[in-house]
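Single-structure report; data block below.
Number of protein chains: 6
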Amino acid sequence: MNRGANGGNRMKTVVCPGSFDPITNGHMDIIQRASGIFDRVIVLVAANQEKRGFFTPPERVEMIRRVVAEAGLQNVTVDSDEGLLVNYIQRVGACAIVKGLRAVSDFEYEFQMSLTNHKLLPACETIFFTTSARNMYLSSSIVRQVGKLGGDIAEFVPACVYQQIRQKLTGGKEQNEGGLTDEKSGIHPQ
Amino acid sequence: MNRGANGGNRMKTVVCPGSFDPITNGHMDIIQRASGIFDRVIVLVAANQEKRGFFTPPERVEMIRRVVAEAGLQNVTVDSDEGLLVNYIQRVGACAIVKGLRAVSDFEYEFQMSLTNHKLLPACETIFFTTSARNMYLSSSIVRQVGKLGGDIAEFVPACVYQQIRQKLTGGKEQNEGGLTDEKSGIHPQ
Amino acid sequence: MNRGANGGNRMKTVVCPGSFDPITNGHMDIIQRASGIFDRVIVLVAANQEKRGFFTPPERVEMIRRVVAEAGLQNVTVDSDEGLLVNYIQRVGACAIVKGLRAVSDFEYEFQMSLTNHKLLPACETIFFTTSARNMYLSSSIVRQVGKLGGDIAEFVPACVYQQIRQKLTGGKEQNEGGLTDEKSGIHPQ
Amino acid sequence: MNRGANGGNRMKTVVCPGSFDPITNGHMDIIQRASGIFDRVIVLVAANQEKRGFFTPPERVEMIRRVVAEAGLQNVTVDSDEGLLVNYIQRVGACAIVKGLRAVSDFEYEFQMSLTNHKLLPACETIFFTTSARNMYLSSSIVRQVGKLGGDIAEFVPACVYQQIRQKLTGGKEQNEGGLTDEKSGIHPQ
Amino acid sequence: MNRGANGGNRMKTVVCPGSFDPITNGHMDIIQRASGIFDRVIVLVAANQEKRGFFTPPERVEMIRRVVAEAGLQNVTVDSDEGLLVNYIQRVGACAIVKGLRAVSDFEYEFQMSLTNHKLLPACETIFFTTSARNMYLSSSIVRQVGKLGGDIAEFVPACVYQQIRQKLTGGKEQNEGGLTDEKSGIHPQ
Amino acid sequence: MNRGANGGNRMKTVVCPGSFDPITNGHMDIIQRASGIFDRVIVLVAANQEKRGFFTPPERVEMIRRVVAEAGLQNVTVDSDEGLLVNYIQRVGACAIVKGLRAVSDFEYEFQMSLTNHKLLPACETIFFTTSARNMYLSSSIVRQVGKLGGDIAEFVPACVYQQIRQKLTGGKEQNEGGLTDEKSGIHPQ
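Residue numbers (this note's numbering), protein chains in the order written: chain A, 4 to 193; chain B, 4 to 193; chain C, 4 to 193; chain D, 4 to 193; chain E, 4 to 193; chain F, 4 to 193.
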């Protein structure tokens, strides 16, 4: 990256990576902020084949596409990848990774990741946005736990995600159970 | 909750939730503090059916009952539940969740939980006590690890719990091993 | 304090100490939560004679009294003291100190204070409430800084406090300047 | 800010505020990263009239201009202001505040500031970059302390800043002493 | 330990425990610092039989021995143990446990461990070194993840370790997969 | 420092720097631990001429000497210096700086200092001990505040220090008041 001679006419693309299992209102908050500042935002779903999730990566991609379309974010696209993040960054010509920060523990982990990615690809910046105060408590894990215990998650996720979670929890109980067994149960009495 | 018109004659009940696998001197410290301030304290054991523990939920309830009785805490009762914590709070008419704080990492997680529970049930407060300095290092996980490696845990747990841990570790080795395999081994050389 | 035999009919008084220079919506949030749970809440203004503030201690007491009255919190009283906090606690027969937590840095300082106060007076508990997400960014210092630089603080403080700050900042510029010189200027370009 | 319809042809300006007393290699790291990603970067020196610094605000502006010119960062300009940061942001039409993060304590303070600024001006985003590992220990305060005690600060600041600090410390001892008296002395035996 | 009469002629041995799966440049940094200050350093590999790693404990011991020999650290030996750490400390007559600190989250966990070990064996001190800035982002887990996704880890680990990781990842895919399935995937798009 | 060939017969000296205004039981805890592990410990009082303290640097040195003598720590000496810490380290041929850690906020500051000192003098290591749980809440600042407000500080400081604080607070009120005006008052109602 030619710093200081950035050229005002270059298209600025950023990548917003995550597991998004499922996407929450907190994720959407960060995606919207990024889409207001950068020319193009790629939401990138981690397609880790060894780790079974609540939704499959294709289901997650599909949900994010619907949520992004409903929000009218025309400069946001959604993709999925299972390789090294810096390779993807390089392939699409992105100038930065965008991450949201909620708390100190987020910060430490993300800081370590940003130093590692910078080492692997020096031209790769990591940029952090902080979530709105109203989304500070939100995480995909909390959404899954509350949903599973029958709590009301309508205010935690976009409307179309809400429908799909309810459907999965009521209709497809058997095949999904596995994805939830290793939850750290915080909403539960613990 | 009608704030500001709380009515001095209302019975104040709080719930102290946790996995208590097993109860430690640190837990007892918090329970005693709460029992000195509130009219009634319910110690609530999480009965998560998917996650196998060291002791079963009924064993944990039984142990806590003995410890509480030996300490003469007459306004403390013990219960177990597997649903959403805020539902339990509402059912028993508790005014607050009571949690102990030992360290910054506790604080962040508990803060997130308290914001989520407040969102799910606005009338539900979370109140934090800090542990005594002498109990700062204690956790159920450390007790299990030290016990399993043959270390002396007599000063970490109430006397009757100590007996039951020793018994389980010596007599029932086969069936309990599973509950310990996922320990983060910190007492071990690591 | 006779723990475990607390007696359901004892009146529970807590003290909510602070400098309250001035009281913010974040402070009021904590005071309201405490007033919903305890029988009597004493808001205690630190009257530190060596440290000159923005408002004088009597001005602060007066403002809090008005705010508390407007909020209809009948079990809340306001007082001021310049001695050791544990002595005050003992004098009024309070069972606990109540503090609000906003962030990790708050937590560490408050934790140290609670251990010290517990050492000075073993019967004295410190109980923490966490602020609502919407008040997480609020502090008296931020209110003073934003107000002084002409920013809109109407949403940060109760209405009657807002009037007094505006009045002090426009009418009484000369005598108050001193109280602001040592601000850590965060709202300012820095 | 019309999010999601950001328009790829809009010029993106960010403001990088600070006291810069003096600018360090760590500051330059952040400024260079921002200049590689955004179309225009304004480095904004806080001109707080009540707080006396080591260098005056005009001296700081002048030094930053020289350092930025030497680094060939053509899309970076330097300015100074004493008002509310969000007012400046609005006046110049910037889309975001850019800040560097070094540590957890930075993070907490900056998080609080970003929530406050977002409240004062909802269209105002705060974006964080993390410093390179090699600059993690750097701060203007450390540079001033080490310099004053005669330590070698050549690797901590740009070359032209180094000259000016040495000059100020040797030639102008009397008038500058005041600016250093309130240092938290960490390099000193303490 | 007879404090204050330590006797200048006593041999000082410290133990540097860890899982070292595999040893990184960050670990070597700490080991070298310790070997420069203490008379004898024992690097102790945790041989936890229940938890399957990437390399087996004997493989790890062997690799560390080669790395230590190549670095010419003549006062460093390597051992492996599966019991309680304080028992090992006592058996070899070590005066302290040596650990490296990288971040706040490290600190909290290590603090808790040091208090526990001090309780189990009062004569056992824990001494912390901080890593060099250039190694702050390094962990065995990151090395394994980056390696597995095909990233270049040559700068993260000593040369001979690099060879063994490449060999294991290419030749022995089937039998090692298990050791990686529970990784928290941070380098991956997440 | 010739790492890896440290030579078992070299005398190991460490420096334990601080302001010690006054020395507390927490400081003594760290000094005793260091004296049990290293051949020689130099307690170094910061003699910052610009910052007026509660006790003068010579008074602090004198008090530490008495406390160290009473504790029978024959390998501990006390000194005072006003220059750069790394210069002192080099002059006395010490192998490391020793610091105590109580909390996360300590850690971050000390980490920054250790990186800076390492940069200024690469052979200079910083070694951290953690305080005993019972001393975690202690700081010189808390001792001064509690003492000044008339609280009992007998358990916070060594006996001879206790006498001198009482004497200073009762007899010499006028000349010392200045040293206390900038306290962050946490024991006070605040």
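The C-beta atom is built at its ideal place from N, Cα and C for all residues, glycine as well.
Cβ of residue i within 9 Å of any chain F Cβ
i, result
"B/Val107", "yes"
"C/Phe159", "no"
"D/Tyr91", "no"
"E/Gly86", "no"
"E/Leu124", "no"
"E/Ala49", "no"
"E/His121", "yes"
"D/Leu236", "This structure does not reach residue 236 of chain D, given that chain D is present from 4 up to 193, and the question cannot be answered."
"C/Glu128", "no"
Reduced DSSP category for residue i - H, G, I as helix; E, B as strand; rest coil
i, result
"B/Cys1", "Not covered by the structure: residue 1 of chain B. The range shown for chain B is 4 to 193."
"F/Arg43", "strand"
"E/Asn5", "The predicted model places E/Asn5 with a pLDDT of 37, which falls under 50 and marks its position as unreliable; any figure quoted below should be read in that light. Coil at E/Asn5, not helix or strand."
"E/Thr59", "coil"
"E/Ala151", "Checking the sequence, you will find Lys at residue 151 of chain E rather than Ala. The answer is helix: DSSP assigns E/Lys151 an H, G or I state."
"C/Leu199", "Nothing can be reported for residue 199 of chain C, as the shown portion of chain C is limited to 4 through 193."
"E/Ala50", "coil"
"D/Thr134", "coil"
"D/Ser142", "coil"
"E/Phe110", "helix"
"B/Val160", "coil"
"E/Gly174", "helix"
is_contact[residue i, chain B] using C-beta, thresh 9 Å
i, result
"F/Arg36", "no"
"C/Thr80", "no"
"C/Lys15", "yes"
"E/Tyr165", "no"
"A/Ser22", "no"
Supposed contact pair residue j and residue i - C-beta distance, whole angstroms, cut 8 Å
i, j, result
"C/Leu87", "F/Gly154", "5 Å"
"C/Ala74", "C/Met31", "7 Å"
"D/Ile156", "D/Val101", "About 25 Å; that fails the 8 Å criterion."
"E/Pro25", "E/Val146", "7 Å"
"A/Val46", "A/Ile67", "5 Å"
C-beta neighbour in chain D for residue i, strict 9 Å
i, result
"A/Gly39", "yes"
"E/Met139", "yes"
"E/Val18", "no"
"C/Ser83", "no"
"C/Ser142", "yes"
Proximity test, Cβ basis, 9 Å: residue i and chain E
i, result
"B/Ile168", "no"
"D/Ala136", "yes"
"A/Glu62", "no"
"A/Glu65", "no"
"A/Phe132", "no"
"F/Thr27", "no"
Below-9 Å beta-carbon distance, residue i vs any chain C residue
i, result
"F/Asp155", "yes"
"D/Phe58", "no"
Test: residue i CB closer than 9 Å to a CB of chain A
i, result
"B/Leu118", "yes"
"D/Ala162", "no"
"B/Gln148", "no"
Proximity test, residue i beta-carbon vs the ligand NAD heavy atom, cut-off 8 Å
i, result
"E/Gly153", "By its list of ligands, the structure shown contains no ligand whatsoever, and the ligand NAD lies outside what it can speak to."
Practice task
Counting only runs of 4+ residues fully inside the segment 67-100 of chain B, write out the alpha helix (DSSP H) ranges in chain order.
Solution key: 88-95
Exercise for the section: Indicate whether the contact test is met: 3 or more Cβ pairs, each with one atom in the segment 91-103 of chain B and one in the segment 57-73 of chain B, closer than 8 Å. Expected result: no
Practice task
Scan the segment 12-42 of chain F and note each continuous beta strand (DSSP E) run of 3 residues or more that stays entirely inside, going in chain order.
Solution key: 16-21
Exercise for the section: Please confirm if the segment 102-116 of chain B is in contact with the segment 38-55 of chain B, defined as three or more CB-CB distances below 8 Å between the two stretches. Expected result: no
Exercise for the section: May I ask you to verify whether the segment 131-145 of chain D touches the segment 134-143 of chain E, counting CB pairs closer than 8 Å and requiring at least 3? Expected result: yes
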